[in-house]
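>
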RNA sequence: GCCGAAGUGGCGGAAUGGGCAGACGCACGCGACUCAAAAUCGCGCGGGGUAAAACCCGUGUGGGUUCGACUCCCACCUUCGGCACCA
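Residue numbers (the numbering used here): -3 to 925.
1. Can you give, in chain order, each stretch of the beta strand (DSSP E) that sits fully within the stretch 700 to 738 and has at least 3 residues?
2. Can you find at least 3 beta carbon pairs, one from the stretch 1 to 15 and one from the stretch 826 to 841, that sit closer than 8 Å?
3. Just curious, the alpha helix (DSSP H) that residue 511 is in, first and last residue?
4. Among 303, 654 and 62, which has the Cα closest to the Cα of residue 237?
5. For residue 144, list the residues DSSP reports as bridge partners.
6. Is it true that the CB of residue 544 sits closer than 8 Å to the CB of residue 214?
7. At the level of alpha carbons, what is the spacing between residue 104 and residue 115?
8. If I measure Cβ to Cβ from residue 395 and keep anything under 6 Å in the same chain, skipping five residues before and after, which residues do I get?
9. Note down the Cα distance separating residue 749 from residue 47, rounded to an integer number of angstroms.
10. Between residue 488 and the rest of its own chain, which residues show a CB-CB distance below 6 Å, the 5 nearest in sequence each way excluded?
11. Beta-carbon within less than 6 Å of residue 684's beta-carbon, same chain only, minus the 5 sequence neighbours each way: which residues are those?
12. Which of the three DSSP states is assigned to residue 5 in this structure?
13. Taking residue 624 as the reference, which of 600, 413 and 615 has the closest Cα?
14. Using 8 Å as the threshold, is the C-beta distance between residue 51 and residue 36 below it?
15. Classify residue 232: buried if its beta carbon has 16 or more other beta carbons within 10 angstroms, exposed otherwise.
16. With 16 as the cutoff for other CB atoms within 10 Å, does residue 648 come out buried or exposed?
17. Mind checking who residue 317 pairs with in its DSSP beta bridge?
18. By Cβ distance, which residues of its chain are closer than 7 Å to residue 541, with the 5 residues on each side in sequence left out?
19. Please state if the CB of residue 759 and the CB of residue 811 are separated by a distance shorter than 8 Å.
20. Using the DSSP secondary-structure output, state which residues sit across from residue 225 in a beta bridge.
21. Using DSSP's beta-bridge definition, name the partner residues of residue 189.
22. May I have the straight-line CA-CA distance separating residue 329 from residue 205, to the nearest angstrom?
23. Comparing alpha-carbon positions, which option in 249, 427, 149 and 201 lies nearest residue 187?
24. Going by other Cβ atoms of all chains shown within 10 Å of its Cβ, with 16 needed for buried, is residue 432 buried or exposed?
25. Extract the residue ranges of the alpha helix (DSSP H) inside the stretch 835 to 905, only unbroken runs of 4 or more that lie entirely within it.
26. Taking Cβ to Cβ, would you say residue 195 is nearer than 8 Å to residue 137?
27. Would you kindly check if the distance between the Cβ of residue 652 and the Cβ of residue 722 is under 8 Å?
28. Helix, strand or coil: which one does DSSP assign to residue 688?
29. Can you give me the Cβ contacts of residue 97 inside the same chain, cut-off strictly under 7 Å, excluding the 5 residues immediately before and after it?
30. Once you ignore the five residues that flank residue 822 on each side, which residues in its own chain have a CB closer than 6 Å to its CB?
31. Check residue 56 in the structure and name its three-state DSSP category.
32. Relative to the C-alpha of residue 591, which candidate in 183, 210 and 146 has its C-alpha closest?
33. Starting from residue 590 and walking both ways along the beta strand (DSSP E), at which residues does that stretch end?
34. With a threshold of 8 Å on Cβ separation, who are the neighbours of residue 373 within its own chain once the five nearest residues in sequence on each side are excluded?
35. With 16 other CB atoms within 10 Å as the buried threshold, where does residue 662 fall?
36. Given a threshold of 16 other Cβ atoms within 10 Å of its Cβ, counted over all protein chains shown, does residue 805 qualify as buried or as exposed?
Rendered as C-alpha cells:
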C-alpha cells in the first residue's frame, strides 16, 4: 500500500526547492516570446484574505500554463503600501504606520509563499519604499514640467468631530457621515494639486480591444462626453453668459435662463427688489451638501433674479433665474432653459409658471400644445417657430444623438459669431492632494520670493520623516514637523516651506507595472532594457471595483508618460530588438479580465429553547438548549421560555426569532448554562451559531474564511483547485465549506492512482485507444478553459480524466506504456492548477525536475476523435431515438438507419416524411412529417 | 431615469457558430464493508407518470422565427453592479 497524500509535508519541501533553484525567476531573453502577466497588487492589511487567493491563484495557473506553452512569462507581485489604514492604526493603537505596514508586508509575504504562485520575488516592489516613491515624486515633477499638474482651490470632505480631512472611502452612507465617529461630514475649501486627466478625455474613450465591455462602458460613462454647442447670451447690461447645449436646434424655444447658485454673474444680474430672495436662496444652497440637494427628490427649486438676458438668435428678452438643479461644476454653470424639449426645464417652468414654446413639432402624432403638455418632448420632429429654420427636419442619425438640425444650426451660429460647436465632459481633473501623513510627499516648495518651486530631481526623494505626532488635528502631521516643513528655496536659497500634503495612493498604483521590471533601478522609474522587452502588460487581472478609478488613472499615467517622453529610451532599445513600437506605449495593459468576489457562507442560526424569567419583553435565561428541530422541543419547564432561531448575537445577548415571526431578546450571564449537542454540556455562548446571510465577508459579521487555516487543513493545492473549480471566476459567489470535499477526493484519488502504478493486465487495443482519446479530449478542454479563464470547466475536465484513469485501472485492460503516457499527461495538465502534488508525483514517476518547465501536452485531434457516435433522431422536433453508429456514416445511411428505427416509425404514424434533415457535425437526423 | 451584467435541479455550475438540457462536483437517499462510526466502494438523484417501459412537462414570464431555441428576435418581470438634475 502506497503512502498517504500529506500536502503539509510535500508543499513546504517544494517551495524551498523552487526558491533555491530560482525556478520562478524571469529574465529578459530576446530569443523567446515574452508574456507579462499581472494581477492587482494587495494593500498590506496584515492578513491574506481568501479574496487574495481567489484573485491570484487562477491568474497564476494561467501564467503557469503560458510558461509551459513556451512563453517567457513574468508574473510579479508587490504591495500597495501607502494609505489610510496604517494611519488609523497609528491613531487608534499607537503603532507607527511604517512599523505597522512593514510588519504586515512581512507577514503577507510569508502567507503568499504558501500559495505556490510563480511570483518572481526578485522583482517585488513596495510602494512605500523610498526607492519606489522617489519615482512617484519624479513623475509628479515631470507632469508639472509638462503642464499636466496644477494647483487650485477645491472642496474636501472634512469631519468636524475628528478634526480631519477624509478620503472618499471614509465617508459612509446616504447622510455622508464619518466612518470613525459617525458625524456628518462638511466641505472645506483647500488649495490642492490636480492632474489634467481631462486633457486625455477623448483618448481614454478609445479602449484596448481586449478589455471587458463592462469596464469600457463604465469608463465611457465616467468620461461622459457630450457634443453640442456653446452659445453666448448677453445680459441687458451686456455681460456675456455662455451656455452649453446639446440641442442648439431648440434655441428658439429658450424661454428663460438658469444660473447655478455659485455662478459669478448671479450678484450682478440680480435686481434690487429680488436681492433679498436671491441671497437667501444662494446661502441656503451653499449650506446644503451635494447629497442634500439631490436627496430632496425631484422637486426643483429656484428664484427669479429680476434680471433679463437677450437670446442672440431672436433678440428675445428672457428672465434669468437661479436654481440649484444647474450645477456649477458642469459645462459653464449656466443653461438656456427650453421647457418644451427638456424635462427638467419643463418641470421648473410648470412649477414657476414660465412660458413654454414648441420649436420641434413631432410628425405623425397630434401637434404639441404648451397648454396641455404633461412632459417635455425630447424626441424627433421638424423645427417650428424658429425663423428661417422652420421646416428643418430634426431626426437622430443612426450613429448617435446628433440630429441634422443641430449641424445646420451650429454652422449658422458660427457664421453669425454667436456660438460654435463644442464638446463637454463629465470627467473632472484628478485631485491628488491628501492631507495625510502615510503617503509620498508632493515634491514642491513654497517660497515667499519665488512662489511655487519644484524640488530639483537631484534632491529626490523628499523623505517622509518618521518622528511625527499622530494627533488628529485636521491636518497632516507633516504640517507640525518643523524639520520637514522648513527648508530653503531651491531657486533663491531663501527660507521656504514644503508642501505638506501627500499624494493619493492611486498614484503609486498607476505605474507599479513599470517598477516591477527593475525595482531597485536608480537611473529612472524603470530600466529601459527591461521595459523594451517586457512591456506592455499582456494580461492584467483584478477586481471590477477598480474599473473607473485605478484603471483610468493608470491609463492616464501611461499616456502622460508617453507625452513627457519617458518611454523614449525604451523605444530605442525596443527598436534595436526589432519590436514594432508604433502605439506600443499608448496603453499600459493590452488585455484585462475581472474576477468576481467570494462572499460569506450563509447558514441558518441554531434552533434553541431558552428557559428563564421574563423581565419586560426580554428573557433572562438560566439555561439554553440547542435542538435540531422544532418538533422535539423538550418537556415544558415552569419558568418562562423562548423557542426559535438565533438570528444574531451581541456579546451575551441573543436575538431569537420565534416560529410565529416575533423577535425576542434573550439575555444571558455567567450563570447561564448551555447544552449544545455538538459540544456537550460545557458549551458557552460562543458555541451558539447565529444566522448568516450571503454577504461580503467581514470580521464584524463573523463570516470570514481564513486561507491559512484551509492550507493547514487541506494543503494549498486543494485550496487553489477548489477556488478555481467552485465558481465562475468572473462571477464569484458565496463560500461553501462542504464543497471542498470534491477537490479533496480528487487529489487523494490522483495520488493513489499514480502511486499504484500501471495495471498488471495485458493491453487491449480498443481500451488503450479509448484512454488516449480521453486524454486528448481533456487536453483540449483544459487548454480551452485556461485560455478563456474558464477554470471551473478545466478542473472538471481533469476530474473526468481522473475518473477515466480509475476506470482503466480497475478494468486492467491497458498496457504499462499506455498507462504511463496517460498519467504523464494528467500530471502535466494538472500542473498549473496544483503545482505541488504534480511536482511530487512527477518525481515519483521517475521524471526529470521540474514538471513546471515541461512543454504543455500537444492536442491531437485525430486521437481525440470518437469512432462511434450517438445518432439523435428527431421527429417533428422531438427526440425519439438514439442510435449508435460509426462516426463516418454516410448521410444516406444515417437517414436510412434513422427511419428504420421502431421508435421513430411509431411517431411517424405511417405518414411519409415531408423533409429529412441530416446534421453530420452533431450526429442528428430530423424528420418532419 | 440612463448604461451594463445575469436569471438553468436542493446547491455551485456545464452545454464550440441554433442540434441529446443538467457535464463535473456538493448535498441527499439506498446498498456493500464494519461490532459500530468515519473513510472508502457500488447504485440512484429535474418534475410528473409506469410494475417496468412508453409518454408528458421542464432553462425567469409571454409571444415570434425555425424541422429544431438555454442559445436568435420582440415585449415584459426579477436580481445585481455602475452613473445619476450632466443641460
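For glycine and all other residues, C-beta sits at the position ideal for the given N, C-alpha and C.
Looking at the coordinates:
1. 728 to 730
2. yes
3. 508 to 511
4. 303
5. Paired residue(s): none; residue 144 is not in a bridge.
6. yes
7. 13 Å
8. Caution applies to residue 395, whose pLDDT of 44 falls short of 50 and renders its modelled position unreliable; the model cannot decide the point.
9. 32 Å
10. 445 and 446
11. 602 and 642
12. helix
13. 600
14. yes
15. exposed
16. exposed
17. 254 and 300
18. none
19. yes
20. 241 and 417
21. 147
22. 36 Å
23. 149
24. buried
25. 857 to 860, 887 to 896 and 898 to 904
26. no
27. no
28. strand
29. 40, 77, 82 and 124
30. 797
31. helix
32. 210
33. 585 to 591
34. 336, 337, 354, 356, 358 and 364
35. buried
36. buried
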